[in-house]
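With the first letter of the sequence shown counted as 1, position 80 gets the number 1417 in my numbering; the numbers rise by one all the way through. Since the structure comes first, as structure tokens, the remarks are kept for the end.
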Amino acid sequence: MFENGEIMGQGQRTYDDGTEFIGEFVKGEKNGYGEISYGQRNAREEYYKGNWVMNVRNGFGQLLMRNGTVFKGNFVNNQPNGDCQIIFPDEATYSGEVSRGVMHGIGELKQANGFGYAGKFENGIRSGTGRFYI
């Protein structure tokens, strides 16, 4: 549906670079729940499904990165932020606090081989109090 020349409500838009968005629109802007598959000409080749606020990923969502990393959780200003789960290409997983897509705060990192660390992270690095386990 269109209103004053702008897409409104449920819809689908394909962009010049091949990116495709299916979801909710308000005044032509991605707003509400939607899924986006970035086009082949976009170097990132990402896929995101989740909440949008005026063209920005905000709220709960899931992002599949080009390198195979998956972020599930809260997004703020297009970035994973707050409580999130990260699944890495090597099958390691992280559950905990994230800031701008980086492990930051309290969390638990489990390696595919069974080794793990639970504790504090700063800018993606183990820091402060925590414990290693097998």
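Using N, Cα and C, we set each Cβ at its ideal position, and we do this for glycine too.
So, are the CB atoms of Lys1457 and Gly1465 less than 8 Å apart?
Within the sequence shown, the letter at position 120 stands for residue 1457. Within the sequence shown, the letter at position 128 stands for residue 1465. Yes, they are a contact pair.
Please give the ranges of any beta strand (DSSP E) in the stretch 1373-1450, keeping only runs that are unbroken, at least 3 residues long and fully inside the region.
1384-1390, 1393-1401, 1407-1413, 1416-1424, 1430-1436, 1439-1447
What are the partner residues of Pro1457, as DSSP defines its beta bridges?
For the purposes of this step, residue 1457 is identified with residue 120 of the sequence shown, where counting begins at 1. Position check: residue 1457 holds Lys in this sequence, whereas Pro was assumed. Ile1443.
Among Phe1362, Thr1351, Arg1350, which residue has its Cα nearest to the Cα of Glu1340?
The sequence position of residue 1340 within the sequence shown is 3, counting from 1. Looking at the Cα atoms, Phe1362 is the closest of the given residues.
To the nearest angstrom, how far is it from the Cα of Ile1359 to the Cα of Phe1408?
Numbered from its first residue, the sequence shown carries residue 1359 at position 22. Numbered from its first residue, the sequence shown carries residue 1408 at position 71. Each residue's Cα considered, the two are about 20 Å apart.
Please classify Tyr1370: does DSSP put it in a helix, a strand, or coil?
In the sequence shown, counting from the first residue as 1, residue 1370 sits at position 33. In the structure shown, Tyr1370 sits in a strand (DSSP, three-state: E or B).
Could you check where the beta strand (DSSP E) with Phe1452 kicks off and where it finishes?
Within the sequence shown, residue 1452 is the residue found at index 115, counting from 1. Where Phe1452 is concerned, there is no enclosing beta strand (DSSP E), given that its DSSP letter is neither H nor E.
With respect to the beta strand (DSSP E) encompassing Gly1359, which residues constitute its N-terminal and C-terminal limits?
If you number the sequence shown from 1, residue 1359 lands on position 22. Looking at the sequence shown, residue 1359 is not Gly but Ile. Segment 1357-1363, the beta strand (DSSP E) holding Ile1359.
Which residue from Glu1428, Gly1467, Arg1437 puts its Cα closest to that of Ile1443?
Along the sequence shown, one-based indexing puts residue 1443 at 106. Here the closest residue by C-alpha is Gly1467.
Give every residue of the same chain whose Cβ lies closer than 7 Å to the Cβ of Val1393, excluding the five residues on either side of it in the sequence, and list them in chain order.
Working through the sequence shown from its first residue, we reach residue 1393 at position 56. Excluding sequence neighbours, Val1393 sits near Asn1414, Asn1415.
Keeping to the same chain, check which residues put their C-beta closer than 6 Å to that of Lys1364; ignore five residues upstream and five downstream.
Numbered from its first residue, the sequence shown carries residue 1364 at position 27. Only Glu1343 meet the Cβ criterion.
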